[in-house]
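Engineer: In the numbering used here, each residue carries its 1-based index in the sequence shown increased by 4.
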Amino acid sequence: MLEGRGGMGELSPGTIAALGGLLGGCALGFAARWGRFCTLGAVEDVALAGDSRRLRMWGLAIAIAMFITFAMYGAGLIDITQTFYLATPTTIVATVVGSFMFGYGMSLVGTCGFGTLARIGGGDLKSVFTFLIMGITAYATMSGAGAYLRLFISARSEPPMENASFAFLIGDMTGLSPVIVGMAFALVIVIYCFSSASFRQSPRFVIAAVIVGLAIAFGWFVTGYLALDPFEPYPLESFTFAAPLGESILYVMAMTGSSLNFGIGAVAGVIIGAAVTTLFQKHFRWEVCDDAREMRRQMMGGVLMGFGSVTALGCTVGQGLTGASLLAFSTPIAFVSMYAGSWVGLHKLVHGSVLEPLKQVLFQRR
């Protein structure tokens, strides 16, 4: 138990973490519904419409989270070297395979795990089905039948890395502090994002990106605060929506035999934040699958996202935002693989084949 810390002495670290996840999750749910913050939506805009605004929104959120995270590390508030992204990263093969599977599954479902929760908050019942499938698959991949395949894919052939972050790598090569490197990277990304006039003229996207970036940094702050406890240190983490989906299902089924944690609070927070937002917007409506074919896509996509996200140690939020805020080595690999998987899936759904779109991409300048 934590004692003498701002009146929270009666709460366990897991409960405090869950409350922090709940608060930050509500902010993320608001950003998803009000600001249209969606990974697949950003990919669709770029791949099918040539509109990069939502991709820049994603970049701005990363930059804000990155700047604040490295500032907190420099101030001694958190120790990012203790996160699993930097201390025990997965293999390149696992990151590529898992992220590609996740991206393809995302295209089948129409959103990612985070977006699925936001849709549930808007009354989408087919997303409840996807949530259950993805959560069960994710948990089975962690410690059930799917773990055997995950361990096979994740079998380490490269040597383990220490401080697997570009900030530390560049710092070692140049003699600069990783804090300076991380904050400089963040500023460069901000400049790139605002180099687009159309993005600068989209205040809703900018505000949503700021909210998301602050939420990711808030997650690091909350768990970093708990990690300082000498008796019950809590693992340093921020938002991801892979394993927490399965943990949330397990907690609902066996509450007396399991404990609250940051991820469970985050899952509930996104749903609540999205629900409140859609109710205020008067956009809440019940939705179901149109036919069995759509339900099959939701099921297959949920399986692919559940297995892929755990294998890659993160989803679009876990790797794409939380990992990116640390400049983790795995993030660009995961991002490119997710983009490739979703690109293939989208064109397969829209055109029935990826060959013609691929030819256009490869030979459009000839």
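Idealized CB from N, CA, C, for every residue including glycine.
What's the gap between the Cα of Ser16 and the Cα of Gly269?
Structural biologist: Taking the sequence shown and counting its residues from 1, one reaches residue 16 at position 12. Taking the sequence shown and counting its residues from 1, one reaches residue 269 at position 265. Distance between the alpha carbons of Ser16 and Gly269: 14 Å.
Engineer: The alpha helix (DSSP H) spanning Arg37 covers which residue range?
Structural biologist: Against the sequence shown, residue 37 aligns to sequence position 33. Residues Pro17 to Trp38.
Engineer: Cutting at 6 Å between CB atoms, please list the residues of its own chain near Ala67, excluding the five before and the five after it.
Structural biologist: To locate residue 67, count along the sequence shown from 1; it is residue 63. Answer for Ala67: Ala190, Ile193 and Val194, listed in chain order.
Engineer: Taking the alpha helix (DSSP H) that Ile195 belongs to, which residues open and close that run?
Structural biologist: Residue 195 sits at position 191 when you count from the first residue of the sequence shown. Start and end: Pro182 to Cys197.
Engineer: Could you name the residues of the same chain whose beta carbon sits closer than 8 Å to that of Leu240, not counting the 5 residues immediately before and after it, in chain order?
Structural biologist: Within the sequence shown, numbered from 1, the residue matching residue 240 stands at position 236. So the list reads Ile82, Asp83, Ile84, Gln86, Thr87, Trp224, Thr227, Gly228 and Ala231, once near-sequence residues are dropped.
Engineer: Can you tell me whether DSSP reads Asp128 as helix, strand or coil?
Structural biologist: The sequence position of residue 128 within the sequence shown is 124, counting from 1. In the structure shown, Asp128 sits in a strand (DSSP, three-state: E or B).
Engineer: Given a cut-off of 8 Å on the beta-carbon distance, is the pair Leu27 and Gly119 in contact?
Structural biologist: Looking up residue 27 in the sequence shown gives position 23. Looking up residue 119 in the sequence shown gives position 115. No, the Cβ-Cβ distance between Leu27 and Gly119 is not below 8 Å.
Engineer: To which residues of the same chain is Ala278 closer than 8 Å at the C-beta, ignoring the five residues directly before and after it?
Structural biologist: In the sequence shown, counting from the first residue as 1, residue 278 sits at position 274. Gly33, Phe34, Ala36, Arg37, Leu121, Ala122, Arg123, Ile124, Gly125 and Gly126.
Engineer: According to DSSP, simplified to helix, strand and coil, what is Ala332?
Structural biologist: Walking along the sequence shown from the start, residue 332 turns up at place 328. Strand, per DSSP.
Engineer: Return yes when the C-beta of Leu325 is under 7 Å from any heavy atom of the ligand NAP, and no when it is not.
Structural biologist: For the structure depicted, the ligand NAP is absent and the ligand set is empty, with no information on it obtainable.
Engineer: On the criterion of 16 or more Cβ atoms from any shown chain inside 10 Å, does Pro234 qualify as buried, or is it exposed?
Structural biologist: Reading the sequence shown from its first residue, position 230 is the one you call residue 234. Counting Cβ neighbours within 10 Å, Pro234 comes out exposed, since fewer than 16 surround it.
Engineer: Take the Cβ of Arg58 as the centre, count every other Cβ of all protein chains shown within 10 Å, and call the residue buried at 16 or more, exposed below.
Structural biologist: Position 54 of the sequence shown, counted from the start, is the residue given in the question as residue 58. Buried, since its Cβ has 16 or more Cβ neighbours within 10 Å.
Engineer: How is Ser158 classed by DSSP in three states: helix, strand or coil?
Structural biologist: Sequence index remark: in the sequence shown, residue 158 carries index 154 (1-based). Of the three classes helix, strand and coil, the one that applies to Ser158 here is coil, per DSSP.
Engineer: Tell me whether Ser346 sits in a helix, a strand or coil according to DSSP, three-state version.
Structural biologist: Here residue 346 refers to the residue found at position 342 of the sequence shown. Residue state, collapsed to three classes: helix.
Engineer: Pick from Gly250, Ala65 and Phe41: whose alpha carbon is nearest that of Leu325?
Structural biologist: Numbered from 1 along the sequence shown, position 321 holds the residue referred to as residue 325. The shortest Cα separation from Leu325 among Gly250, Ala65 and Phe41 belongs to Ala65.
Engineer: In its own chain, which residues sit with a C-beta less than 6 Å from the C-beta of Ile72, not counting the 5 before and 5 after it?
Structural biologist: Here residue 72 refers to the residue found at position 68 when the sequence shown is read from its first residue. Excluding positions up to five away in sequence, the list reads Ala221.
Engineer: Does DSSP put Ser262 in a helix, in a strand, or in coil?
Structural biologist: Position 258 of the sequence shown, counted from the start, is the residue given in the question as residue 262. The answer is coil: DSSP assigns Ser262 none of H, G, I, E or B.
Engineer: Among Gly217, Ser131, Ala159 and Phe104, which residue has its Cα nearest to the Cα of Met60?
Structural biologist: If you number the sequence shown from 1, residue 60 lands on position 56. Just to set this straight, residue 60 is Arg in the shown sequence, not Met. Per the Cα distances, Gly217.
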